[in-house]
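Engineer: Residues in the sequence shown are numbered from 6 upward in steps of one, following my numbering. No residue lacks a Cβ here, since even glycine has one placed at the ideal position from N, Cα and C.
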Amino acid sequence: MARKTLIAGNWKMNGRLADGVDLAKGIAAEVKKLGKPSCEFLVCPPFTILSSVKKALRGAKVALGAQDCHFAEKGAHTGDISPLMLTDLGCSYVILGHSERRADHFESNELVNKKAVAAHQAGLKTVICIGETLEQRDAGKTIAVCSDQILGSVPDDSTAADTVIAYEPVWAIGTGKTPTASDVEEVHAAVRKVLAKKLGKGNANKMRILYGGSVKPSNAKEFLSLPDVDGALIGGASLKVEDFMAIAKNSGC
Ligand code: PEP
């Protein structure tokens with residue numbers, strides 16, 4: 006089953022207006038040079054510059070995503086952003102359940118699920134993040150934790166067309182440490198099995214499962230050539246045009 010590789014950048018809380026626009030213009034120019042890229046590209050800047058980044062990406066095959074949304078359409082939720090507001094800005098994706106939100110904002114699987122339902126209703130595709138802490142890994146619970154997160158965070162009616170999974174071991178994010186390739190493949194294959202039970206084999210076989218956690222140009226090929234790895238969610242290295250594009254090129258895009 007051919008799954009189109011997704012190269013996604015999570016800019017986190019980085020990017021004032023000028024540098025965010027520069028970064029987006031740089032990525033847009035490089036992606037245009039690829040002509041018809043075999044991969045799909047996605048950038049997820051902070052809310053504040055979504056609109057400017059959208060303009061900077063004009064004409065390039067690079068999708069725009071946000072890093073979170075609320076589950077309500079509108080209402081008394083001070084400081085929150087609804088899925089429809091993101092579509093107004095030209096977003097087609099939203100990252101949900103990133104470990105930094107699960108940790109900093111106490112987001113549960115249940116909450117991530119509610120947000121994903123709302124995002125899908127608004128026509129957004131979701132990148133739903135899962136991954137174990139170092140403590141859970143050391144206790145041999147990686148697959149159990151990831152399975153629970155899939156079962157709890159992914160809506161029951163999700164499809165390969167509206168959902169992407171990102172496996173991001175928490176201890177690998179921003180640390181320069183990574184699991185071995187065989188560890189990554191083991192988790193991705195296990196996640197696909199859980200998805201098959203939850204959503205049916207057809208969806209599971211078509212659904213993209215990204216790896217995230219200290220992906221850089223030098224290790225991209227190793228991870229992205231694994232059978233069940235369908236792209237990367239990239240934090241730090243997505244903030245430099247050269248690194249982001251080198252990861253794409255080294256992944257065969
Ligand atoms: C992330 O935050 O999604 C991530 C994978 O970060 P980094 O690439 O910096 O480890």
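1) Between the segment 8 to 17 and the segment 36 to 52, are three or more C-beta pairs nearer than 8 Å?
2) Cα-Cα, which of Asp143, Ala77, Lys9 is closest to Lys41?
3) Going by alpha carbons, who is nearest to Gly64 out of Leu28, Leu22, Lys37?
4) One question on the structure: do Glu190 and Pro232 come within less than 8 Å of each other, judged by their Cβ atoms?
5) Since Gln5 and Asn114 should fall inside the 8 Å C-beta cutoff, what is the C-beta to C-beta distance between them, to a whole number of angstroms?
6) Suppose the cutoff is 8 Å on Cβ atoms and the five residues either side in sequence are ignored; what does the same chain contact list for Val234 look like?
7) Whose CA, out of Lys66, Gly218, Ile100, lies closest to the CA of Phe52?
8) Taking the Cβ atom as the reference point for each residue, do Val175 and Ser219 lie within a distance shorter than 8 Å?
9) Quick one: what's got a C-beta closer than 8 Å to Ser56's C-beta in the same chain, skipping five residues either side?
10) Which of the three DSSP states is assigned to Ile178 in this structure?
Structural biologist: Reading it off the structure:
1) yes
2) Mapped onto the sequence shown, residue 41 falls at position 36. When each option's Cα is compared against that of Lys41, the closest is Lys9.
3) By one-based count along the sequence shown, residue 64 stands at place 59. Among Leu28, Leu22, Lys37, the Cα nearest to that of Gly64 belongs to Lys37.
4) In the sequence shown, residue 190 corresponds to position 185, counting from 1. In the sequence shown, residue 232 corresponds to position 227, counting from 1. Yes, these two residues count as a Cβ contact at 8 Å.
5) In the structure as shown, the chain starts at 6 and stops at 258, and residue 5 therefore has no counterpart that could be examined.
6) Within the sequence shown, numbered from 1, the residue matching residue 234 stands at position 229. Val189, Glu190, His193, Ile214, Leu215, Tyr216, Phe228, listed in sequence order.
7) Stepping through the sequence shown from its first residue, residue 52 is reached at position 47. Phe52 has its Cα closest to that of Ile100, out of Lys66, Gly218, Ile100.
8) To locate residue 175, count along the sequence shown from 1; it is residue 170. To locate residue 219, count along the sequence shown from 1; it is residue 214. No; because the gap between Cβ atoms is not below 8 Å, this pair is not in contact.
9) Counted from its first residue, the sequence shown places residue 56 at position 51. Cβ neighbours of Ser56 beyond the five flanking positions: Leu94, Gly95.
10) Position 173 of the sequence shown, counted from the first residue, corresponds to residue 178. Reduced to three states, the DSSP call for Ile178 is coil.
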